[in-house]
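Student:
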Amino acid sequence: MTDKNVIQAWREKVTLCLIILLMMILMGFFTFGLQPLLCRESKNSVYLNWKDDKGEIVTHDSSVLINGIWYSYNYVNAVVKNQTNKELGVSYKTVDISNLFRTCTDNKCKDVCKGIIDEGTLNDCSITPAKFSEKAFNGKCISRSTLKGGRQYAKVSFSWKDIEDNYSGKTRLTVYNGHVMNITSILANNTLSKMFNSKTLNVLERGAGRDISLDVSMYPDARKQMDCLLERYTVGVVDTKTPSCYLANTIMIIFLVAILGVVLTRFFMALIFSWFIADKLTVAKHSMYGGKEADPLEYEVSIRGNGDIYVICLVTCYSEGKEGLQTTLNSLASTTYNDKKKLIFVIADGEVVGVGNDISTPEIARRMIYEDPALGEAQPKSYLAVATGEKQHNMAKVYAGTYQIKDHTVPIIIVGKCGTPAESNSPKPGNRGKRDSQIILMNFLSRVLYDDRMTPLDYELFTKIHHVTGVTPDNFEIVMMVDADTKVLPDSLSYMVNAMRNDTEIMGLCGETRIANKTTSWVTCIQVFEYYISHHLSKAFESVFGGVTCLPGCFCMYRIKAPKMNEPNKCIPILVNVDIVEEYSENIVDTLHKKNLLLLGEDRFLSTLMLNTFPRRKMVFIPQARCKTIVPDRFNVLLSQRRRWINSTIHNLMELVLVKDLCGTFCFSMQFVVGLELFGTVVLPAAICFTIYLLGVIIIKGEAPIIPILMLIAILGLPGVLILLTSRKLVYVLWMLIYLLALPIWNLVLPLYAFWHFDDFSWGETRKVNSSGGSYESSESTETKKFDVTTIPLKKWEEYEVEERKKKAALLRNTNLMINPLTPLNILAARDTDSIAESTLSGKSGKSGKSGKSGKSNKNKKKKGAKSPTIPLSSNVSDTSFSNTSSPNKYISQLPPMNIKTNQKIIILPPQTQQQFQQQQQQQQQLGQFKQNFMNNNKKSNGN
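Going by the UniProt record's numbering, the first residue of the sequence shown is number 1, and it counts up by one from there.
1. Just how far apart, CA to CA, sit D451 and D474?
2. What first and last residue would you give for the beta strand (DSSP E) that runs through K561?
3. Name the one or two DSSP bridge partners that G350 has.
4. Who are the near neighbours of E505 in its chain, counting only those whose CB is closer than 6 Å to its CB and skipping five residues on each side?
5. Rounded to a whole number of angstroms, what is the C-alpha to C-alpha distance between V802 and S382?
6. Could you tell me whether the Cβ atoms of M269 and A686 are closer together than 7 Å?
7. Pick helix, strand or coil for L384, following the three-state DSSP scheme.
8. Got a sec? Which residues, its chain only, sit under 8 Å from S334 by beta carbon, not counting five neighbours each side?
9. How many Å lie between K808 and P411 at the Cα?
10. Can you give the Cα-Cα distance for I646 and V237, rounded to whole angstroms?
11. For the beta strand (DSSP E) containing H179, name the first residue and the last one.
12. Contact between the region 513–522 and the region 459–471: three or more CB pairs below 8 Å?
13. Per DSSP, what are the beta-bridge partners of R626 in this structure?
14. Just the Cα atoms here: how many angstroms apart are L710 and V697?
15. At the level of alpha carbons, what is the spacing between K901 and R435?
16. Does the distance from the C-beta atom of I183 to that of L204 stay below 7 Å?
17. Compute the Euclidean distance between the alpha carbons of T242 and L695, then round it to the nearest angstrom.
18. At 3 residues or longer, and completely inside the UniProt domain "Chitin synthase 4-like" (156–237): list those beta strand (DSSP E) runs for me, N to C.
19. For F101, list the residues DSSP reports as bridge partners.
20. Give the range of the alpha helix (DSSP H) segment to which S640 is assigned.
21. Give every residue of the same chain whose Cβ lies closer than 7 Å to the Cβ of G846, excluding the five residues on either side of it in the sequence, and list them in chain order.
22. Is it true that the region 526–546 meets the region 583–592, where meeting means three or more beta-carbon pairs spaced less than 8 Å apart?
23. Taking the C-alpha atoms as reference points, what is the distance between G852 and I369?
24. Taking the beta strand (DSSP E) that P719 falls in, what are its first and last residues?
25. Classify R634 as buried or exposed, calling it buried when 16 or more other Cβ atoms lie within 10 Å of its own Cβ.
26. Counting only the same chain and skipping the five closest in sequence on each side, list residues whose C-beta sits under 7 Å from that of V683.
27. Under 8 Å: do the region 189–197 and the region 88–106 share three or more Cβ pairs, one atom per stretch?
28. Between L343, G430, S198, which has its C-alpha nearest I413's C-alpha?
29. Apply the 10 Å Cβ neighbour rule to W797 and answer buried if 16 or more other Cβ atoms are within range, or exposed otherwise.
30. Based on the DSSP secondary-structure assignment, which residues constitute the bridge partners of L597?
31. Compute the Euclidean distance between the alpha carbons of V355 and Y318, then round it to the nearest angstrom.
32. From the DSSP output, read off the bridge partner residues of G416.
33. Would you mind stating whether L325 and V488 have Cβ atoms separated by less than 7 Å?
34. Label D759 either buried or exposed according to how many other C-beta atoms from any shown protein chain fall within 10 Å of its C-beta, with 16 as the threshold for buried.
35. Considering just the uninterrupted stretch of the alpha helix (DSSP H) at T84, what are its terminal residues?
36. Bridge partners of T240, per DSSP?
Right, here's the structure in full:
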């Protein structure tokens with residue numbers, strides 16, 4: 001590692017890994033170490049089922065009780081055999097054998113009971129077995145010092161309820177200074193009771209079942225005899241907890257309530273969303289069309305009526321083949337949404353030839369469409385790319401036409417990034433990454449909406465979008481983003497648009513992504529439930545609060561602009577907001593955090609930017625909208641994919657947790673949920689290790705800690721309940737079991753691999769091409785030569801338009817036809833959007849790569865009254881529509897669009913004063929008169 005950037009990235013990776021390790025240790029401490037640390041006095045005390053059927057004090061199997069301490073039976077038996085040459089019978093298990101042991105057994109020490117209890121009773125060390133059929137054990141007294149090296153399981157701990165309940169029972173208990181004494185034999189044996197002071201005996205009789213410490217303190221004679229009572233009759237201690245122990249329990253309960261609260265809240269909120277909210281999001285408001293109520297999914301909407309939403313379907317591709325790309329385009333074109341309200345927008349990231357392909361991806365896409373010959377040959381146009389150094393200058397070609405499948409004809413734009421002439425010999429000319437592809441569209445729409453200066457590529461897009469759709473790009477309000485391997489189900493687009501139409505506060509949404517190759521291999525099988533639960537639990541819960549933290553780039557939708565409240569003629573930029581576009585197009589990526597955000601997780605980062613910029617607006621999940629995608633079927637591909645996803649998730653959550661204006665407050669806020677999700681993501685390896693340890697303890701020892709068990713049941717079991725209550729598809733329960741078996745892979749192998757590869761920014765096995773090198777996202781630019789961005793021309797739309805008209809005016813002058821260069825030149829041509837595909841079918845376009853049928857057969861298929869894309873200059877075209885029709889749109893139409901509903905021509909004029917408008921009308925009338933005179937002169941000359 002000699003490169004400074006590589007060294008810096010490695011250092012940042014190690015730092016992050018150490019922080020994650022610290023968080024895992026912290027989790028383990030709170031799970032296993034907090035309570036033993038703060039409850040030192042009680043960690044060796046346990047509640048004991050100390051009563052047998054007769055109410056006698058007994059201990060657990062394989063143990064004996066000696067002065068309130070629980071000892072191993074085998075160890076005590078060995079001590080007894082060593083001291084007395086006798087063994088305890090097995091019937092002494094679970095018995096209190098305290099009488100066999102003394103603190104002092106010789107004359108070298110003073111017995112505290114000497115002088116109180118007579119010598120015969122004092123030296124009697126016999127014990128009674130549990131089975132009365134056996135003889136009592138008689139032997140010499142054994143010193144308690146012999147037990148110091150033995151195994152003490154725990155102290156016997158009595159609750160106050162146990163002590164009070166035995167006041168009237170066979171066993172009589174009392175408490176002195178926290179020690180529990182069994183005073184049954186003293187009260188029942190008259191001989192023994194006479195050995196104690198009358199005041200002591202009186203205190204014991206009145207103190208059964210309660211604490212006698214205060215009573216004893218009032219009688220000095222009784223205090224002298226209490227040491228003897230403690231020596232002979234102690235059976236345990238009172239279960240008392242220190243303040244630190246209460247603190248530990250309180251902390252554990254708080255954590256339990258917080259975690260279970262979030263888990264249960266997510267579960268119930270997901271249910272509420274599925275049962276009550278999801279359907280309301282997509283139910284379109286019924287509209288009257290043609291005098292009858294229309295189907296909200298299929299009706300053709302009017303220009304200004306309900307549902308007048310133009311949609312861009314953005315498809316970003318890199319190295320995909322014909323089959324995958326065609327599947328995506330077919331699914332988009334076949335959606336039930338109005339074909340004339342949607343535009344398919346394909347961006348191919350460089351002249352890249354994917355594995356298994358013979359031609360580049362842009363050429364594959366180009367051969368699938370019907371190009372409009374009226375637009376001529378596409379030429380490379382410059383734009384400012386998301387890159388560093390000379391890579392900032394990139395060029396792209398724009399192909400425009402229609403995409404046809406069955407009875408659907410949809411306008412389509414293909415942007416093929418081809419690179420500058422200087423990189424024509426490079427392995428992948430024009431490749432700048434997926435984020436750059438998205439920025440091409442976002443920058444273009446932002447400049448259109450703000451009427452800002454455009455690059456040559458922007459103007460080319462404007463012109464060709466207007467040509468194939470009949471409307472200017474500022475009419476588009478929504479952009480749907482899909483990957484080139486995604487198949488969108490037919491009604492998905494309509495459901496998503498309905499949700500956008502019903503609630504203008506929704507700025508982004510996503511549908512459900514399902515797996516198309518579920519049973520291809522074990523790798524695909526373990527992903528089925530993970531995909532399902534990530535949508536129907538996580539995203540459904542987040543949708544209740546309008547804060548879905550990640551809209552998958554393979555299938556999502558964003559609002560380009562939103563109408564301003566109470567001002568319907570004004571709009572608020574959303575996706576094309578300057579702050580979002582500027583930050584998303586950041587090309588200085590110099591830290592590990594930025595690289596994980598912008599190079600690996602651009603889709604999630606875009607969602608983060610949206611929530612950060614508009615925290616009060618909504619991001620939701622639409623379960624009715626569905627798509628299918630191909631997931632990795634080999635483990636090395638899955639490993640590469642999840643490395644990118646996990647790392648980008650962590651870094652995006654780090655950004656999102658700092659957003660203070662998200663819905664809710666404190667623990668009941670999305671910010672708290674995001675923080676908890678961030679913590680849960682980084683401690684996944686520790687969590688699965690603790691789970692395996694817990695299961696081992698349950699299986700081997702038979703012990704079941706309540707709190708961890710409850711958490712385990714809630715986390716692993718509730719998703720299964722959710723399946724039964726929502727989808728009611730039992731097959732997903734089977735997929736859940738397969739997923740649970742693969743938990744060590746999901747929670748241990750994949751996260752650890754991802755953490756250690758924080759500094760790996762490649763796309764790995766998921767993007768293979770025939771040429772050498774990875775995709776641009778994975779490369780860290782070593783470009784040192786600076787690029788002068790001013791070399792790329794930036795002009796207002798009006799400037800480009802004037803230049804274009806002057807060129808056309810010069811061309812017309814060569815034909816001896818005078819024309820005002822400020823007048824729209826399209827008055828000499830009329831067009832119909834539907835005729836583009838028809839003209840290409842007649843064999844006029846050689847760019848589609850397909851042979852067309854004869855012009856005669858296609859001519860019969862044309863609609864009645866349909867016109868060809870271009871009309872000869874000598875055609876007699878009426879100009880009345882240009883003078884009688886106007887629009888508040890700020891862009892002047894270069895080609896006269898057709899009203900999709902009425903098939904009438906529309907002229908789109910800029911906002912001008914009345915005087916300027918009248919001057920333009922006069923110029924048009926003069927031009928019309930000039931044309932008429934010119935034609936009359938031609939007729940006369942022909943007649944002569």
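Ideal placement from N, C-alpha and C gives every residue a C-beta, glycine not left out.
Tutor: Based on what the coordinates show:
1. 10 Å
2. 561–564
3. Answer by DSSP bridge pairing: none, since G350 is not bridged.
4. R617, K618
5. The alpha-carbon of V802 is positioned some 19 Å away from that of S382.
6. no
7. strand
8. Within the same chain, S334 has close Cβ partners I405, K406, H408, P490.
9. Cα-Cα distance, rounded: 26 Å.
10. 52 Å
11. 179–182
12. no
13. E512
14. 15 Å
15. Below a pLDDT of 50, predicted positions are generally treated as unreliable, and K901, at 36, falls in that range; the measurement from the model is reported next regardless. Looking at the two C-alpha atoms, the distance is approximately 36 Å.
16. The beta carbons of I183 and L204 sit closer together than 7 Å.
17. 31 Å
18. 173–176, 179–182
19. Bridge partners of F101 according to DSSP: I142.
20. 635–656
21. Only weak support is given to the placement of G846: the predicted model assigns it a pLDDT of 37, under 50, and the question is left unresolved by the model.
22. no
23. For G852, the pLDDT reaches just 37, beneath the cut-off of 50, and the residue's location in the model is therefore unreliable, leaving the point undetermined.
24. It is not in any beta strand (DSSP E) - P719 instead sits in the alpha helix (DSSP H) that spans 706–725.
25. exposed
26. M23, M24, M27
27. no
28. L343
29. Per the 10 Å Cβ criterion, buried.
30. Answer is none; L597 lacks a bridge partner.
31. Between the alpha carbons of V355 and Y318 lies a distance of about 11 Å.
32. A348, K397
33. no
34. Looking at its Cβ environment, which holds 16 or more other Cβ atoms inside 10 Å, D759 is buried.
35. 73–84
36. T240 is not bridged to any residue.
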